[in-house]
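In the working numbering, the protein residues as written are 16 to 118. We treat Cβ as the ideally placed atom computed from N, Cα and C, and that holds for glycine. As the structure is a prediction and not an experimental result, all values here were calculated from the model.
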Amino acid sequence: MENTTPPTVPTPGRLLRLDAVEHLTGLRKSSVYTYMASREHGFPTPVRIGARAVAWRESEVLAWIETRTKKPPAGAADATHHDTRANVRPLQAPRLISSKKDQ
């Protein structure tokens, strides 16, 4: 009989491939690599497991998720929401492009 561990139970030292990281975090490939490149996000760096293959330590990914899901201190959410709205550029009306036939 094969001993299988449910995916929700962390296994010490387990390595996750990109599809598993995407599933756990809800991020897509481009976001995972963008977050890795940004110190602000603090996403874990992968370990090389082959010439063209990388994987992430499950414990580090779960710890990153935990830091992202902690509740902010009281009043911090309002300030963050206000700051975010201040940094958003107003939407611009789409430009109409006319073809040479229309002229």
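Coarse secondary structure for R63, derived from DSSP in three states
strand
Range covered by the beta strand (DSSP E) that runs through R72:
A68 to R72
Does the beta-carbon distance from Y50 to H56 come in below 7 Å?
yes
H56 lies in the alpha helix (DSSP H); which residues open and close that run?
Per DSSP, H56 belongs to no alpha helix (DSSP H) and is neither H nor E.
Do you know offhand how far I80's Cα is from R29's?
16 Å
Rounded Cβ spacing between L31 and A78 (contact assumed at less than 8 Å):
Actually they do not touch by this definition, with Cβ atoms about 13 Å apart.
Contact defined as beta carbons within less than 8 Å: I believe T40 pairs with E73. What is the distance between those atoms, to the nearest angstrom?
With 8 Å as the limit, T40 and E73 do not qualify as a contact, their Cβ atoms being about 12 Å apart.
Limits of the alpha helix (DSSP H) - the one that L39 falls within:
L33 to T40
As a quick exercise: from S53, R54 and E75, pick the residue whose alpha carbon is nearest that of P61.
E75
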